[in-house]
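Read the structure below first, then the notes.
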Amino acid sequence: MMRIPCIVCGLRDENEFTCGGTSHLVRPAIDASDRDWAEYLFFRDNPKGLHHERWRHTQGCGQWFNLVRHTLTHEILTVYAMTESPPR
Amino acid sequence: MRNHYSAWSLLRGALTGHRHWSPAWPEAKPKPAYDVIVVGGGGHGLATAYYLAKNHRITNVAVLERGWIGGGNTGRNTTIVRSNYLYPESSRLYDFSLKLYEGLSAELNFNIMLSQRGLVLLAHSRHDLDAMSRWANAMRMNGIDADLLSREEVASLVPGLDMSPGARVPVLGGFTQRRAGTARHDAVAWGYARAASQLGVDIIQNCEVTGFTQQAGHVVGVETNLGSIRAGRVGIAAAGHSSVLAGLAGFRLPVTSYGLQALVSEPLKPLLDTVVLSPGTGAYLSQSDKGELVIGAMLDLFPSYAQRGSFAITQSILAGVLALFPAYARLKMLRQWAGIVDVVHDSSPIIGRTPVPGLYINCGWGTGGFKGIPVGGWTLAHALATGENHPLAEPFQLERFQTGRLVDEAAASGIAH
Chain A
64 MMRIPCIVCG LRDENEFTCG GTSHLVRPAI DASDRDWAEY LFFRDNPKGL
114 HHERWRHTQG CGQWFNLVRH TLTHEILTVY AMTESPPR
Chain B
15 MRNHYSAWSL LRGALTGHRH WSPAWPEAKP KPAYDVIVVG GGGHGLATAY
65 YLAKNHRITN VAVLERGWIG GGNTGRNTTI VRSNYLYPES SRLYDFSLKL
115 YEGLSAELNF NIMLSQRGLV LLAHSRHDLD AMSRWANAMR MNGIDADLLS
165 REEVASLVPG LDMSPGARVP VLGGFTQRRA GTARHDAVAW GYARAASQLG
215 VDIIQNCEVT GFTQQAGHVV GVETNLGSIR AGRVGIAAAG HSSVLAGLAG
265 FRLPVTSYGL QALVSEPLKP LLDTVVLSPG TGAYLSQSDK GELVIGAMLD
315 LFPSYAQRGS FAITQSILAG VLALFPAYAR LKMLRQWAGI VDVVHDSSPI
365 IGRTPVPGLY INCGWGTGGF KGIPVGGWTL AHALATGENH PLAEPFQLER
415 FQTGRLVDEA AASGIAH
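Line by line, the protein sequences are chains A and B.
Residue numbers for the first sequence follow our numbering, so the first one is 64 and each next one is one higher.
Residue numbers for the second sequence follow our numbering, so the first one is 15 and each next one is one higher.
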């Protein structure tokens with residue numbers, strides 16, 4: 064079981080959380096092409112390695128936050144707020 | 015000459031000390047060039063190679079496998095075959111696959127131990143009953159066997175279910191596809207590998223593709239840890255690692271990789287002779303010929319390439335199984351693992367061209383790849399041989415994510431996504 068550092072509550076068990084998928088996707092303009100909409104809605108990098116992703120502490124404080132997590136080792140490198148830009 | 019497997023060859027072996035058996039297929043070293051290279055030596059890749067040779071007479075083919083044959087999802091699934099899907103497009107695809115499975119042992123001269131013991135889906139609420147009526151009726155409209163079951167019929171098909179008034183998860187009824195069942199997953203990989211190899215296909219293990227050679231935008235070969243290999247066309251059948259390979263070729267897929275876990279118990283005497291699926295609890299189980307209960311779980315719902323599965327899901331799935339079958343409470347689990355599945359938004363596969371000319375793909379089967387092995391191989395082989403989509407695969411192209419014509423099988427895929 065992963066232990067996930069909630070940005071408010073600190074380290075908690077994985078089953079208190081919900082993963083919201085990839086962070087920092089930018090919604091295209093309303094007149095974007097079908098191709099751009101498809102890219103935004105469905106196509107993903109799906110990296111084997113570091114992934115920027117959103118999590119919500121659903122069974123705790125209810126807050127959304129961002130993680131940088133390794134998808135093979137599940138190691139969590141960074142936690143940062145929803146409004147922050149991704150760490151370099 | 016390879017051995018032909020038969021009762022006669024067993025008898026002959028019994029009289030001569032079983033010294034006449036040869037390896038099921040020979041080790042192969044990569045040649046400098048092939049007509050077709052298939053990347054991925056699981057069931058789908060091996061079936062692709064077999065049908066290239068069998069249906070299209072293309073035998074100058076190599077299957078490249080990073081690890082060992084059938085060591086990925088082909089050896090990690092819960093061995094269930096079924097075709098209980100909702101839409102006509104999927105029904106055609108999956109039932110074609112089940113029909114190929116029905117003749118596969120004879121076709122491959124390899125006993126895949128297909129056991130059409132039936133699949134029972136459990137309804138736990140009025141809403142489940144309504145949804146399953148719709149589902150079973152849709153199947154019958156598509157020409158696939160399905161029967162609605164009363165509560166009493168479920169109880170007689172599935173002994174051990176908690177049918178008491180105070181049951182935590184009440185069972186109100188369900189439906190069955192009697193032609194569904196299980197098959198031995200390793201045998202499917204080995205059977206296809208042996209049959210493909212007999213037709214001239216090279217099966218190359220421990221060969222990892224590290225890049226695609228391109229000329230003027232066309233794929234003309236692959237780079238591997240064993241050197242460069244040229245190819246007329248290249249097919250990818252890599253399940254959860256499809257995105258990684260697509261990345262090497264320079265495009266993206268509408269795929270997210272998740273761990274899907276399963277576990278097996280210690281062996282028991284025969285007690286369950288059907289496959290039980292409870293969409294409400296996310297649990298599904300059957301009993302293997304060795305007597306182990308084979309238990310499948312819902313997805314670990316976060317992106318992952320780790321083939322182990324999280325303890326949180328193990329706990330919740332076992333809780334679901336025990337709510338259904340309280341008598342299993344003292345069973346010990348022997349093994350637990352996960353396979354990395356390639357989930358797309360409509361839970362339907364992608365079989366056909368990629369944005370890179372010369373490169374074809376079979377992916378997106380998500381949680382249901384094992385049952386699709388024969389048809390996945392059949393249709394990818396068609397695309398690789400002819401450059402055209404197979405009619406069965408026409409609705410399952412990458413373009414559907416742009417046109418919006420999705421084939422949304424999220425419910426019929428059987429596992430909450």
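Cβ coordinates follow ideal geometry from the N, Cα and C atoms, glycine included.
Close-in-space but distant-in-sequence residues of the same chain around residue i (CB under 6 Å, 5 per side omitted)
| i | result |
| --- | --- |
| Tyr298 (chain B) | Leu291 and Gly310 |
| Leu348 (chain B) | Val278 and Glu280 |
| Gly353 (chain B) | Asn87, Arg90 and Leu274 |
| Tyr143 (chain A) | Asn129 |
Coarse secondary structure for residue i, derived from DSSP in three states
| i | result |
| --- | --- |
| Leu420 (chain B) | coil |
| Gly195 (chain B) | strand |
| Pro40 (chain B) | coil |
| Met64 (chain A) | coil |
| Leu104 (chain A) | helix |
| Arg106 (chain B) | helix |
| Tyr298 (chain B) | strand |
| Tyr437 (chain B) | Because chain B is modelled from 15 through 431, residue 437 (chain B) falls outside the range shown and cannot be assessed. |
| Asp360 (chain B) | coil |
| Val389 (chain B) | helix |
| His133 (chain A) | strand |
| Ser256 (chain B) | helix |
| Ser242 (chain B) | strand |
| Ala207 (chain B) | helix |
| Trp488 (chain B) | Residue 488 (chain B) lies beyond the range of chain B shown here (15 to 431); nothing can be said about it. |
| Ala395 (chain B) | helix |
| Gly86 (chain B) | coil |
With 16 other Cβ atoms within 10 Å as the buried cut-off, status of residue i
| i | result |
| --- | --- |
| Leu24 (chain B) | exposed |
| Cys72 (chain A) | exposed |
| Arg106 (chain B) | buried |
| Met15 (chain B) | For Met15 (chain B), the pLDDT reaches just 49, beneath the cut-off of 50, and the residue's location in the model is therefore unreliable, although a value from the coordinates is still provided. With fewer than 16 Cβ atoms within 10 Å of its Cβ, Met15 (chain B) is classed as exposed. |
| Trp35 (chain B) | exposed |
| Ile93 (chain A) | exposed |
| Tyr103 (chain A) | exposed |
| Val357 (chain B) | buried |
| Arg26 (chain B) | exposed |
| Trp82 (chain B) | exposed |
| Gln416 (chain B) | buried |
| Ala21 (chain B) | exposed |
| Gly235 (chain B) | buried |
| Gly205 (chain B) | buried |
| Asn220 (chain B) | exposed |
| Asp142 (chain B) | buried |
| Leu140 (chain A) | exposed |
| Glu423 (chain B) | buried |
| Gln229 (chain B) | exposed |
Sequence-distant residues of the same chain with beta carbon closer than 8 Å to residue i, five excluded per side
| i | result |
| --- | --- |
| Glu138 (chain A) | Arg132 |
| Leu135 (chain A) | Lys111 and Gly112 |
| Pro371 (chain B) | Gly231, His232 and Val233 |
| Thr121 (chain A) | Glu79, Phe80 and Thr81 |
| Arg244 (chain B) | Pro46, Ala47, Tyr48, Thr227, Val234 and Gly235 |
| Gly83 (chain A) | Glu116, Arg117, Trp118, Arg119 and Trp127 |
Residue i CB to nearest heavy atom of the ligand PLP below 7 Å
| i | result |
| --- | --- |
| Arg90 (chain B) | You won't find the ligand PLP in this model; it holds no ligand whatsoever. |
Close-in-space but distant-in-sequence residues of the same chain around residue i (CB under 7 Å, 5 per side omitted)
| i | result |
| --- | --- |
| Thr295 (chain B) | Val183, Gly334, Ala337 and Leu338 |
| Gly246 (chain B) | Asp49 and Val50 |
| Ser256 (chain B) | Ile250, Leu267, Val269, Asp356, Ile375 and Cys377 |
| Leu259 (chain B) | Val53, Val223, Ile250 and Ala252 |
Chain-ordered residues of the stretch 81-112 of chain A with a beta carbon less than 7 Å from chain B: Cys82, Asp97, Arg98, Ala101, Phe105, Phe106, Arg107, Asp108, Asn109 and Lys111
message: Closer than 8 Å is the cut-off here; do at least three beta carbon pairs connect the stretch 305-321 of chain B with the stretch 86-100 of chain B?
response: yes
message: Output needed in chain order: residues of the stretch 312-324 of chain B with a Cβ under 7 Å from some Cβ in chain A.
response: Leu315, Phe316, Pro317, Ser318, Tyr319, Ala320 and Ser324
- prompt: Looking at C-beta atoms only, is the number of pairs between the stretch 386-402 of chain B and the stretch 68-77 of chain B that lie closer than 8 Å three or more?
  reply: yes
query: Do the stretch 377-387 of chain B and the stretch 48-68 of chain B make contact, defined as three or more Cβ pairs closer than 8 Å?
result: yes
- request: Note down, in chain order, all residues in the stretch 268-295 of chain B with a beta-carbon under 8 Å from any beta-carbon belonging to chain A.
  value: Pro268, Val269, Thr270 and Ser271
Segment contact flag, the stretch 153-170 of chain B with the stretch 191-203 of chain B, C-beta cutoff 8 Å, min 3 pairs: yes
- request: Pull out every residue of the stretch 206-230 of chain B whose Cβ sits closer than 7 Å to any Cβ of chain A, in chain order.
  value: none
message: Closer than 7 Å between beta carbons: that is the criterion. Which residues of the stretch 321-345 of chain B meet it against chain A?
response: Ser324, Phe325 and Ala326
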